[in-house]
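A.B. asks:
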Amino acid sequence: MKSLKYIFITLIAVALGITLLSANRSHLLQFAENSFDFGTISDDHAPVVHEYKFVNTADEPVAILSVTTGCGCTRPEYPVKPIAAGDSGNVKITFLPKGQKGNINKDITVRYRSATAKSSKRLTLRLRGTVVKKK
72 MKSLKYIFIT LIAVALGITL LSANRSHLLQ FAENSFDFGT ISDDHAPVVH EYKFVNTADE
132 PVAILSVTTG CGCTRPEYPV KPIAAGDSGN VKITFLPKGQ KGNINKDITV RYRSATAKSS
192 KRLTLRLRGT VVKKK
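Just so you know, we're using the working numbering here: the sequence shown kicks off at 72 and counts up by one.
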């Protein structure tokens with residue numbers, strides 16, 4: 072009876088360990104930050120540029136397939152060639168404040184895939200701030 076209890080506890084521990092390990096590796100691109108707040112700017116401010124830096128933590132190349140934003144006021148730039156294992160890169164976002172007002176909460180969706188994956192993964196970056204009317 073005690074041996075069955077021991078086996079059961081061991082199986083639960085192994086399953087939990089596998090779950091935690093896969094959760095930590097769920098994203099192959101590890102971003103230094105997932106959100107950036109540019110603060111308060113006026114609507115005549117120059118475009119705000121921010122780079123979300125990442126590292127490929129996979130054991131193989133990872134390609135960014137697309138980076139999409141919700142509107143034309145937020146423009147993405149990203150590597151078009153696959154990122155080798157261990158290499159780093161960045162997703163550059165340019166926000167155009169002209170014509171915007173109030174609180175800004177922009178979601179930026181990054182879609183990527185490793186060399187051997189059958190499907191792509193997605194992660195969301197966020198850009199926040201406030202745009203006020205020029206005085």
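We put the beta carbon where it would ideally sit given N, CA and C, even for glycine.
#1: Whole angstroms is fine: what's the gap from Asp145's alpha carbon to Leu167's?
#2: Would you mind sorting Asn127 into buried or exposed? The rule is 16 or more other CB atoms within 10 Å of its CB.
#3: Using a Cβ-Cβ cutoff of less than 6 angstroms, which residues in the same chain neighbour Val138 once the five nearest sequence positions on both sides are dropped?
#4: Between which residues of its own chain and Ser39 is the CB-CB distance below 6 angstroms, once the five residues before and five after are set aside?
#5: Restricting to runs no shorter than 3 residues, where is the beta strand (DSSP E) found entirely within the segment 145-188?
#6: Could you check if Val119 is buried or exposed, using at least 16 other CB atoms within 10 Å of its CB as the buried criterion?
#7: Whose C-beta lies closer than 6 angstroms to the C-beta of Asn174 among residues of the same chain, with five residues either side of it excluded?
#8: For the beta strand (DSSP E) that Asp108 lies in, which residues bound it at each end?
#9: Go ahead and pull the three-state DSSP assignment for Gly143.
#10: Hey, Val108 and Lys172 are a contact pair by Cβ (cut 8 angstroms); roughly how many whole angstroms apart?
#11: Looking only at its own chain, which residues have a Cβ that is under 7 angstroms from the Cβ of Gly160, when we skip the five neighbours before and after it?
#12: Whole angstroms is fine: what's the gap from Ser106's alpha carbon to Arg199's?
C.D. replies: In short:
#1: According to the sequence provided, residue 145 is Thr. The question's Asp does not apply to it. Whole-angstrom Cα-Cα distance: 6 angstroms.
#2: buried
#3: Pro147, Tyr149, Val162 and Val181
#4: A query on residue 39 cannot be resolved here, the shown segment of the chain reaching from 72 to 206 and no further.
#5: 145-148, 159-166 and 173-185
#6: buried
#7: Thr201
#8: Ser106 to Ser113
#9: coil
#10: Reading the sequence as shown, one finds Asp at residue 108 and not Val. Not a contact, Cβ separation roughly 17 angstroms.
#11: Phe125, Pro150 and Ile154
#12: 8 angstroms
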